[in-house]
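As structure tokens, the structure follows; a few thoughts come after it.
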Amino acid sequence: MKFLFIVQGEGRGHMTQAIALSQKLESWGHIVSAVCIGKSARRQIPAFVHQKISAPIYLFESPNFVTDEKQKSILLWKTITYNLGQINKYQKSLRIIDEQVNKYQPDVILNFYDILGGLYKLLYKHTGEFWTIGHQYLIEHPEFPFAPNQTLAKWLFKLNTNLTAIGASKKLALSFRNFASSSNKNLYILPPLLRREVKDLQPKNDDFFLCYMVNPGYGQEVINFATANPNIEIVAFWDHKSMPNGNKPVPNLIFHQVNDRLFLEKMASCKGLVSTAGFESICEAMYMGKPVMMVPVAGQYEQACNAMDAEISGAGIQSTDFDFRKLIEYIDQKGTEALDSKTWFDQFDSLFLKIIAENDKPPLNSSSVRRVKKSKAFGILSS
Numbered sequence: 006m007k008f009l010f011i012v013q014g015e016g017r018g019h020m021t022q023a024i025a026l027s028q029k030l031e032s033w034g035h036i037v038s039a040v041c042i043g044k045s046a047r048r049q050i051p052a053f054v055h056q057k058i059s060a061p062i063y064l065f066e067s068p069n070f071v072t073d074e075k076q077k078s079i080l081l082w083k084t085i086t087y088n089l090g091q092i093n094k095y096q097k098s099l100r101i102i103d104e105q106v107n108k109y110q111p112d113v114i115l116n117f118y119d120i121l122g123g124l125y126k127l128l129y130k131h132t133g134e135f136w137t138i139g140h141q142y143l144i145e146h147p148e149f150p151f152a153p154n155q156t157l158a159k160w161l162f163k164l165n166t167n168l169t170a171i172g173a174s175k176k177l178a179l180s181f182r183n184f185a186s187s188s189n190k191n192l193y194i195l196p197p198l199l200r201r202e203v204k205d206l207q208p209k210n211d212d213f214f215l216c217y218m219v220n221p222g223y224g225q226e227v228i229n230f231a232t233a234n235p236n237i238e239i240v241a242f243w244d245h246k247s248m249p250n251g252n253k254p255v256p257n258l259i260f261h262q263v264n265d266r267l268f269l270e271k272m273a274s275c276k277g278l279v280s281t282a283g284f285e286s287i288c289e290a291m292y293m294g295k296p297v298m299m300v301p302v303a304g305q306y307e308q309a310c311n312a313m314d315a316e317i318s319g320a321g322i323q324s325t326d327f328d329f330r331k332l333i334e335y336i337d338q339k340g341t342e343a344l345d346s347k348t349w350f351d352q353f354d355s356l357f358l359k360i361i362a363e364n365d366k367p368p369l370n371s372s373s374v375r376r377v378k379k380s381k382a383f384g385i386l387s388s
């Protein structure tokens, strides 16, 4: 099968998922023809994305969050009004996507949670399949935990998720843990989508904590904590374009620009992770048995849900600030017992291949070519 990816460029999670799945698909004999990534002035597409994805990459302007002056909190109404004012720009983006779809003629357009992916399906004709993938689609399962007391934010989160999945025949919901089957026949529960590099690392426990923040405004909060606690070593990663790589504001704290290899190496050897509540980093920590303290980005309801879901799944604890002592206390209480997530996480390949095989079942009057493709898919499953 031939795939075309549409990827949201906010944070690193969707892009690392796209890397992981492109590697898997190509190893199974499928083709990733092109990858379209939504960008904005706030974000820089990391170099590792271009290095790790072998398919041609096309960038387009996509809706993104507006933050406060300190680049910490999400400003909900400014986000809405700003993006409404960019309609002409996003119409051009849809044409860029359409050019690649017409050029590569994919069997499946796979949307990694970009809103323009759903709008493309609504506004343009495409004869192939349209699928979506991401943790967010788990909201359609009755057991998904929504963060309480935020009625409007919850409604907007559900609306945005639905817009990314307009016309989707398959919604692939990535989950920290296994869920019971849903009555929604288009919803497929899958384990997290991890890169092979994560599984190749051998975890150990060195005397430092890893920190990742999707919004650089939290950096000062981490600096203040490190200054007040010089005995706690912290290695932090952020996306702060104006700061030098390897910046050390105090002796026990170093800031690196986002770097996938170095980040994973530090993940494998840290005592624990303190992070904004993005899905991907939490999953990587869970797989390596590293406890996590999650600090949801203020105003980003999705992250509040992520933190709740991860805590229920045994990943660690939630916090409203970057006070690393809370994670130290949690580790002291929990002991050294590692969370066993690998049994569930390692089922991704077999479950995804079943979805491909299901999609490849031909109608009764299908050609022999389709029968050959079906047999190949099942051959992979049985090998």
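Just add 5 to wherever you are in the sequence shown, counting from 1, and you've got my numbering. Yeah, the Cβ is synthetic: ideal placement off N, Cα and C, and Gly gets one too. Since the structure is predicted, the reported quantities are computational estimates derived from the model, not experimental observations.
Span separating the alpha-carbon of residue i from that of residue j
i, j, result
"isoleucine 360", "lysine 276", "37 angstroms"
"aspartate 314", "phenylalanine 149", "8 angstroms"
"alanine 362", "proline 235", "55 angstroms"
"serine 111", "tyrosine 129", "What sits at residue 111 in the sequence shown is proline, not serine. Proline 111 and tyrosine 129: Cα-Cα distance of roughly 14 angstroms."
"lysine 7", "asparagine 183", "29 angstroms"
"glutamine 308", "glycine 122", "21 angstroms"
"glutamine 91", "asparagine 191", "32 angstroms"
"alanine 233", "phenylalanine 214", "15 angstroms"
"glycine 304", "lysine 339", "30 angstroms"
"serine 32", "serine 186", "28 angstroms"
"glutamate 15", "proline 51", "11 angstroms"
"isoleucine 322", "tyrosine 109", "45 angstroms"
"threonine 21", "valine 37", "15 angstroms"
"proline 254", "methionine 272", "21 angstroms"
"valine 40", "proline 256", "41 angstroms"
"serine 355", "glutamate 226", "42 angstroms"
"arginine 17", "isoleucine 42", "12 angstroms"
"alanine 231", "leucine 143", "36 angstroms"
"alanine 173", "asparagine 364", "13 angstroms"
"histidine 19", "glutamine 141", "11 angstroms"
"phenylalanine 62", "methionine 248", "What sits at residue 62 in the sequence shown is isoleucine, not phenylalanine. Approximately 27 angstroms between the Cα atoms of the pair."
"leucine 115", "lysine 126", "11 angstroms"
"histidine 146", "valine 302", "24 angstroms"
"serine 45", "asparagine 167", "22 angstroms"
"leucine 269", "phenylalanine 53", "13 angstroms"
"aspartate 326", "lysine 83", "24 angstroms"
"threonine 132", "serine 318", "39 angstroms"
"isoleucine 171", "tyrosine 193", "16 angstroms"
"valine 113", "glutamine 96", "22 angstroms"
"threonine 169", "leucine 358", "23 angstroms"
"aspartate 211", "cysteine 310", "30 angstroms"
"serine 188", "glycine 224", "44 angstroms"
Close Cβ partners of residue i (< 7 angstroms) along its chain, the five nearest in sequence each way excluded
i, result
"tyrosine 292", "Leu199, Val203, Ser346, Lys347, Phe350"
"lysine 94", "Glu66"
"leucine 267", "His261"
"glutamine 49", "Asp244, Lys246"
"glycine 251", "Ile259, His261"
"asparagine 107", "none"
Any non-hydrogen atom of the ligand SAM within 7 angstroms of residue i CB
i, result
"cysteine 288", "Among the components of this structure there are no ligands whatsoever, and the ligand SAM is therefore not found."
Same chain, Cβ closer than 8 angstroms to residue i, neighbours up to 5 away in sequence not counted
i, result
"tyrosine 306", "Ala152, Gln155, Ala158, Lys159, Leu161, Phe162"
"lysine 209", "Ala273, Ser274"
"isoleucine 336", "Lys276, Gly277, Pro296"
Cutoff 6 angstroms; reference residue i; Cβ partners in own chain excluding five residues on either side
i, result
"serine 324", "Met298, Val300, Lys331"
"serine 2", "Only positions 6 to 388 of the chain appear in this structure, which leaves residue 2 out of reach."
"cysteine 288", "Pro197"
"leucine 278", "Leu215, Ala290, Lys295, Val297"
"glutamate 316", "Gln323"
"phenylalanine 284", "Gly18, His140, Asn311"
Distance between beta carbons of residue j and residue i, contact taken as under 8 angstroms
i, j, result
"leucine 124", "leucine 99", "7 angstroms"
"glutamine 13", "phenylalanine 117", "6 angstroms"
"alanine 312", "alanine 282", "4 angstroms"
"glutamine 352", "proline 197", "Contact flag wrong, Cβ pair sits at about 10 angstroms."
"phenylalanine 329", "isoleucine 237", "6 angstroms"
"isoleucine 11", "isoleucine 102", "6 angstroms"
"isoleucine 120", "asparagine 165", "6 angstroms"
"phenylalanine 181", "alanine 320", "7 angstroms"
"leucine 9", "glutamine 105", "6 angstroms"
Next on the checklist: Going residue by residue through the segment 253-279, where are the continuous alpha helix (DSSP H) segments of at least 4 residues, counting only ones entirely within it?
Outcome noted: The qualifying runs are 265-274.
Checklist entry - If you pair each beta-carbon of the segment 168-178 with each one of the segment 136-153, do three or more pairs fall below 8 angstroms? => result yes
Next on the checklist: Can you confirm whether the segment 187-202 touches the segment 213-226 when touching is taken to mean that 3 or more C-beta pairs between the two stretches lie within less than 8 angstroms?
Outcome noted: no
Next on the checklist: So, does the segment 20-34 touch the segment 52-72, judging by three or more C-beta pairs under 8 angstroms?
Outcome noted: yes
Next on the checklist: Extract the residue ranges of the beta strand (DSSP E) inside the segment 104-180, only unbroken runs of 3 or more that lie entirely within it.
Outcome noted: Segments of the beta strand (DSSP E) lying fully in the segment 104-180: 113-117, 134-139, 175-179.
Checklist entry - Which residue spans inside the segment 212-257 form an unbroken beta strand (DSSP E) run of at least 3? => result 214-217, 239-243, 252-255
Next on the checklist: With three or more C-beta pairs closer than 8 angstroms as the rule, is the segment 243-253 touching the segment 261-272?
Outcome noted: yes
Item to check | Length at least 3, wholly inside the segment 284-323: the beta strand (DSSP E) runs in chain order | outcome: With a minimum length of 3 residues, the continuous beta strand (DSSP E) runs that stay inside the segment 284-323 are 297-299, 321-323.
Item to check | Minimum length 3: unbroken beta strand (DSSP E) runs contained in the segment 7-60 | outcome: Given a length threshold of 3 residues, each whole run of the beta strand (DSSP E) inside the segment 7-60 is given here in chain order: 7-13, 36-44.
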